[in-house]
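For reference, the structure discussed in these notes is given below.
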Amino acid sequence: MDGRILDRLFEVVASRKGADPASSWTAKLLAEAPELPARKMAEEATETLIAALGDDRQALTAEAADLIYHLLVVLVSRGVELEDVWAELQRREEQSGIAEKAGRGQ
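For the sequence shown, my numbering gives the first residue as 28, with consecutive numbering after it.
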């Protein structure tokens, strides 16, 4: 499996910004940003949580994919680059979780 799928999907989402909202679901979400994509992300997060508490791996997989897609739409709508998220994850990887959490309060 190609680990660059998120980068490619992010680029597809970004390419829909400014497109006719009638042309795709992504374009519609972006046209109604930040409210609609944020609401959809919250909805998908709830559905992912429910699936995580169940026993159906396929349902959890599908809901996780939906959540990731809607997160990418929110990021694009707010002008956050995926590279910024990767950089933040890398920064956090370089310190312990306890130290990272303690640093948030400063």
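The C-beta atom is built at its ideal place from N, Cα and C for all residues, glycine as well.
Candidates the options, of which the one nearest residue i by Cα
i     : options                  : result
Leu56 : Leu102, Trp113 and Ala91 : Leu102
Asp34 : Gln117, Gly130 and Tyr96 : Tyr96
Proximity of residue i and residue j at Cβ, strictly below 7 Å
i      : j     : result
Ala54  : Ala46 : yes
Val100 : Val40 : yes
Ala86  : Ala78 : yes
Thr75  : Ala91 : yes
Leu116 : Met68 : no
Reduced DSSP category for residue i - H, G, I as helix; E, B as strand; rest coil
i      : result
Gln85  : helix
Arg118 : helix
Arg43  : coil
Arg31  : coil
Pro48  : coil
Ala60  : coil
Arg66  : helix
Gly106 : coil
Anticipated Cβ contact below 8 Å, residue i with residue j, distance rounded
i    : j     : result
Leu7 : Ala72 : No answer is possible for residue 7: it lies beyond the span of the chain, which begins at 28 and ends at 133.
Residues near residue i by beta carbon distance below 6 Å, same chain, minus five either side
i      : result
Ser104 : Leu57, Ala60, Pro61 and Pro64
Neighbourhood of residue i by C-beta distance below 7 Å, restricted to the same chain and skipping five residues each side
i     : result
Lys44 : Leu57 and Val103
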